[in-house]
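2 protein chains.
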Amino acid sequence: MNEKELKKVIGQIKPLDPVFFKKAQTRLDDLTKPKGSLGRLEEIAARVVAITEELRPRAARKRIYVFAGDHGVEKEGVSCYPREVTAQMVFNFLQGGAGINVLARQAGAEVSVVDMGVDHDFRGISGLLDRKIARGTGNLARGPAMSRKQAVQSLAVGIELARAARREGVNLLGCGEMGIANTTPSSAITAVMTSESLEKITGKGTGIDPERWRKKVQIIRQAIRKNHPDRKDPVDVLAKVGGFEIGGIAGLILGAASLRIPVVIDGFISGAGALIAAGLSPRVGEYLFASHLSVEPGHRAILKALRQKPLMELDLRLGEGTGAALGMGLVEAAVRVLNEMAAFSEAKVSRENSNQ
Amino acid sequence: MNEKELKKVIGQIKPLDPVFFKKAQTRLDDLTKPKGSLGRLEEIAARVVAITEELRPRAARKRIYVFAGDHGVEKEGVSCYPREVTAQMVFNFLQGGAGINVLARQAGAEVSVVDMGVDHDFRGISGLLDRKIARGTGNLARGPAMSRKQAVQSLAVGIELARAARREGVNLLGCGEMGIANTTPSSAITAVMTSESLEKITGKGTGIDPERWRKKVQIIRQAIRKNHPDRKDPVDVLAKVGGFEIGGIAGLILGAASLRIPVVIDGFISGAGALIAAGLSPRVGEYLFASHLSVEPGHRAILKALRQKPLMELDLRLGEGTGAALGMGLVEAAVRVLNEMAAFSEAKVSRENSNQ
Numbered sequence: 000m001n002e003k004e005l006k007k008v009i010g011q012i013k014p015l016d017p018v019f020f021k022k023a024q025t026r027l028d029d030l031t032k033p034k035g036s037l038g039r040l041e042e043i044a045a046r047v048v049a050i051t052e053e054l055r056p057r058a059a060r061k062r063i064y065v066f067a068g069d070h071g072v073e074k075e076g077v078s079c080y081p082r083e084v085t086a087q088m089v090f091n092f093l094q095g096g097a098g099i100n101v102l103a104r105q106a107g108a109e110v111s112v113v114d115m116g117v118d119h120d121f122r123g124i125s126g127l128l129d130r131k132i133a134r135g136t137g138n139l140a141r142g143p144a145m146s147r148k149q150a151v152q153s154l155a156v157g158i159e160l161a162r163a164a165r166r167e168g169v170n171l172l173g174c175g176e177m178g179i180a181n182t183t184p185s186s187a188i189t190a191v192m193t194s195e196s197l198e199k200i201t202g203k204g205t206g207i208d209p210e211r212w213r214k215k216v217q218i219i220r221q222a223i224r225k226n227h228p229d230r231k232d233p234v235d236v237l238a239k240v241g242g243f244e245i246g247g248i249a250g251l252i253l254g255a256a257s258l259r260i261p262v263v264i265d266g267f268i269s270g271a272g273a274l275i276a277a278g279l280s281p282r283v284g285e286y287l288f289a290s291h292l293s294v295e296p297g298h299r300a301i302l303k304a305l306r307q308k309p310l311m312e313l314d315l316r317l318g319e320g321t322g323a324a325l326g327m328g329l330v331e332a333a334v335r336v337l338n339e340m341a342a343f344s345e346a347k348v349s350r351e352n353s354n355q
Numbered sequence: 000m001n002e003k004e005l006k007k008v009i010g011q012i013k014p015l016d017p018v019f020f021k022k023a024q025t026r027l028d029d030l031t032k033p034k035g036s037l038g039r040l041e042e043i044a045a046r047v048v049a050i051t052e053e054l055r056p057r058a059a060r061k062r063i064y065v066f067a068g069d070h071g072v073e074k075e076g077v078s079c080y081p082r083e084v085t086a087q088m089v090f091n092f093l094q095g096g097a098g099i100n101v102l103a104r105q106a107g108a109e110v111s112v113v114d115m116g117v118d119h120d121f122r123g124i125s126g127l128l129d130r131k132i133a134r135g136t137g138n139l140a141r142g143p144a145m146s147r148k149q150a151v152q153s154l155a156v157g158i159e160l161a162r163a164a165r166r167e168g169v170n171l172l173g174c175g176e177m178g179i180a181n182t183t184p185s186s187a188i189t190a191v192m193t194s195e196s197l198e199k200i201t202g203k204g205t206g207i208d209p210e211r212w213r214k215k216v217q218i219i220r221q222a223i224r225k226n227h228p229d230r231k232d233p234v235d236v237l238a239k240v241g242g243f244e245i246g247g248i249a250g251l252i253l254g255a256a257s258l259r260i261p262v263v264i265d266g267f268i269s270g271a272g273a274l275i276a277a278g279l280s281p282r283v284g285e286y287l288f289a290s291h292l293s294v295e296p297g298h299r300a301i302l303k304a305l306r307q308k309p310l311m312e313l314d315l316r317l318g319e320g321t322g323a324a325l326g327m328g329l330v331e332a333a334v335r336v337l338n339e340m341a342a343f344s345e346a347k348v349s350r351e352n353s354n355q
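In order, the protein sequences belong to chains A and C.
Mapped onto numbering that gives the first Met the number 0, the consecutive letters of the first sequence carry residue numbers 0 to 355.
Mapped onto numbering that gives the first Met the number 0, the consecutive letters of the second sequence carry residue numbers 0 to 355.
And the structure:
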């Protein structure tokens, strides 16, 4: 996929049609409950109707793509885990023992692990989608994380996977990631795309101490000064201070929006991917559901920029798609309300006095 | 069950043992994730360990008791739905078409509907637990809602149902209710038990207009003045300004706590039941999980009094146990994390640098 083809995908993302919100609300108001009493579940259900343009959408077939990649900036000591953990966790995902595997099983969602650029040779390992762009990004503190071509390639992978999901009958997507040090590029992206101060949006990641945190802020500042990412050109931002898995997430969101598939996003790193996607097409926000508010302080700025209200606040900061898995359960619940609740007339329940 | 036997049940409610929290946290910290990164899911898992005193508790068998009852105060026009709707909704529950049925199916929980005092003759109807105390309470604006003996009877039903659940292998309980006008006794209970102002804790229920709301506040004020419920005697409060279904909920909570079964509570009316239970034994709070913060303004005061932080804020105000069903999914997810995630050693994942 080249940039021209990417633009074509972006052009396929349409604004949601208010008529479908109205039709959905008419149905919701006819169900055996006081009007509006299911609160945000009703909002979710109506939006899924508008996204899919189906009056009885389904959310039963659910898939979470977990994008994995390594980061050159890990060499700067910005994380308290060594780089090897990215590959080790990929094996953990494949064996079904990670947090995302457990929470996806609980949600009834498939987990599909994508090697976007892990610094490990996985040849001969089954169950992993090999989309490796390189064995880790460049060190963004010293130069661009990747070339512009690689950035487009990472977006293309996400778009391609959204298409595969559509072909395979998936009706609800989730995204997650794994990549030691990836809160660093995510903070850089957030700083560039939202203009919030670096101190405010840089967090402790997996749990660094204050000294390492100061270093992380300094590294991100250096990366932005060195690379001059252009806010008005999100592909440039992704290339200069991003990551392969972040590009995969952004691409999945663009692809899903172009195909009218709702996507539940996870926490901070997925949010950084969503910022890139929203930079390319502001309409993608209408196709997203923000599952939760992460402990990472930059996440609030991201959700504000995306105009998303998180579904939950559970103090999560694991990533992998764990929050998305929980959120997908709520989206499915909302869709089932629309499909499975009895209407007043069917159930012979009296309406409120004002309607009689 | 008489009051002496009730006191015996209350005496069986023990404080949670800190040793089990520690053991649970040791296990959680050994799982392949940064320490504490699953936030509130870890808190839930640890508390379920302490409640059950099992290091690998289960939450797979889930049951929601939906307690239904009618209210004499409905005659005062405090709701916008007619009293017949309570019985109509019971039929809807039995047919599987109500909100609680849908959300319980999504959560994989059984729904068990209990007639605590609906003003309808259900004889010959299968699938309903007949525990009818009377065909609706008395009008609390004019006198006590029920006798003290009936209040104890309603608590006894809940306790008995917790015991039945234990015998039948249920390891996670939820509660919900149906009863036209039951936000009125719930606001009365909340006012008496928390000393918050009536205006602050009285809400729109199923959606009344400002005029009816003012009438509702006045009716509740009248009920409290007329009946003099004694805050230090929660059975007296339940009898004078409560409801049969509220007593059932309070009893279920007491029974579950005495048997070390975690209970997920629903919204405002369930919260009023929890206030009665907590008045009888302040320790019950340790056995509860508050699923969500309801739109009903009094719910915040209840959760504050119970020292509970809700798991979700989804603007729900339907009742029936719908929020509890969603919350049970989160509790089960938390328990599965504890049971199913791989440990660092098993998965051959490196620990953080500080531990190496």
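Positions of the beta carbon are idealized from the N, C-alpha and C atoms, including for glycine.
Residue-level contact to chain A via CB, residue i, 7 Å cutoff
{"i": "residue 356 of chain C", "result": "The displayed coordinates of chain C run from 0 to 355. Any statement about residue 356 of chain C would go beyond what the structure contains."}
{"i": "residue 84 of chain C", "result": "yes"}
{"i": "residue 101 of chain C", "result": "yes"}
{"i": "residue 81 of chain C", "result": "yes"}
{"i": "residue 313 of chain C", "result": "yes"}
{"i": "residue 65 of chain C", "result": "no"}
{"i": "residue 316 of chain C", "result": "yes"}
{"i": "residue 336 of chain C", "result": "yes"}
{"i": "residue 354 of chain C", "result": "Residue confidence is low: residue 354 of chain C scores 39 on pLDDT, short of 50, so the model does not pin down where it sits. Its coordinate-derived value is still stated next. By this cut-off, residue 354 of chain C is not an interface position."}
{"i": "residue 87 of chain C", "result": "yes"}
{"i": "residue 24 of chain C", "result": "no"}
Proximity test, Cβ basis, 7 Å: residue i and chain C
{"i": "residue 348 of chain A", "result": "yes"}
{"i": "residue 293 of chain A", "result": "no"}
{"i": "residue 32 of chain A", "result": "yes"}
{"i": "residue 341 of chain A", "result": "yes"}
{"i": "residue 368 of chain A", "result": "With chain A represented from 0 up to 355, any question about residue 368 of chain A goes unanswered, as that position is not in the structure."}
{"i": "residue 29 of chain A", "result": "no"}
{"i": "residue 351 of chain A", "result": "yes"}
{"i": "residue 206 of chain A", "result": "yes"}
{"i": "residue 91 of chain A", "result": "yes"}
{"i": "residue 333 of chain A", "result": "no"}
{"i": "residue 149 of chain A", "result": "no"}
{"i": "residue 328 of chain A", "result": "yes"}
Range covered by the alpha helix (DSSP H) that runs through residue i
{"i": "residue 63 of chain A", "result": "No alpha helix (DSSP H) contains residue 63 of chain A, which is instead part of the beta strand (DSSP E) from 61–68."}
{"i": "residue 45 of chain A", "result": "38–51"}
{"i": "residue 338 of chain A", "result": "321–339"}
{"i": "residue 293 of chain C", "result": "Unbroken run through residue 293 of chain C: none, as it is neither H nor E."}
{"i": "residue 17 of chain A", "result": "17–28"}
{"i": "residue 193 of chain A", "result": "182–193"}
{"i": "residue 344 of chain C", "result": "343–346"}
Beta-carbon contacts of residue i that lie in its chain and below 7 Å, excluding the five residues immediately before and after
{"i": "residue 218 of chain C", "result": "72, 75, 77, 140, 183"}
{"i": "residue 354 of chain A", "result": "Caution applies to residue 354 of chain A, whose pLDDT of 39 falls short of 50 and renders its modelled position unreliable; the value that the coordinates give is listed next. For residue 354 of chain A, where only same-chain residues beyond five positions count, there are no Cβ hits under 7 Å."}
Spatial neighbours of residue i in its chain, beta-carbon cut-off 6 Å, leaving aside the 5 residues before and after
{"i": "residue 133 of chain A", "result": "116"}
{"i": "residue 328 of chain C", "result": "106"}
{"i": "residue 275 of chain A", "result": "233, 237, 249"}
{"i": "residue 145 of chain C", "result": "136, 238"}
Own chain, CB closer than 8 Å to residue i, minus 5 neighbours either side, in chain order
{"i": "residue 2 of chain C", "result": "151, 234"}
{"i": "residue 323 of chain C", "result": "63, 173, 174, 175, 263, 264, 265, 269, 290"}
{"i": "residue 89 of chain C", "result": "67, 112, 114, 117, 119, 121, 127, 177"}
Buried versus exposed call for residue i [16 or more other C-beta atoms within 10 Å across all chains shown]
{"i": "residue 227 of chain C", "result": "exposed"}
{"i": "residue 82 of chain A", "result": "buried"}
{"i": "residue 209 of chain A", "result": "exposed"}
{"i": "residue 18 of chain A", "result": "exposed"}
{"i": "residue 59 of chain C", "result": "exposed"}
{"i": "residue 54 of chain C", "result": "exposed"}
{"i": "residue 230 of chain C", "result": "exposed"}
Boundaries of the beta strand (DSSP E) in which residue i is found, first to last residue
{"i": "residue 277 of chain C", "result": "Taken as a continuous stretch (DSSP letters only), residue 277 of chain C belongs to no beta strand (DSSP E), being part of the alpha helix (DSSP H) at 267–279."}
{"i": "residue 287 of chain C", "result": "287–289"}
Any chain E beta carbon closer than 7 Å to residue i
{"i": "residue 273 of chain C", "result": "In the structure shown, chain E cannot be found, because the protein chains are A and C."}
So within the stretch 87–172 of chain C, which uninterrupted alpha helix (DSSP H) runs reach at least 4 residues, ignoring any that extend past its ends? 98–106, 147–166, all fully within the stretch 87–172 of chain C.
What residue ranges within the stretch 229–265 of chain A form continuous alpha helix (DSSP H) runs of no fewer than 4 residues, ordered along the chain? Within the stretch 229–265 of chain A, the complete alpha helix (DSSP H) segments of 4 residues or longer fall at 233–240, 243–257, listed in chain order.
Within the stretch 199–227 of chain A, note down every full alpha helix (DSSP H) run reaching 4 residues or more, in order along the chain. DSSP runs (the alpha helix (DSSP H)) wholly in the stretch 199–227 of chain A: 209–226.
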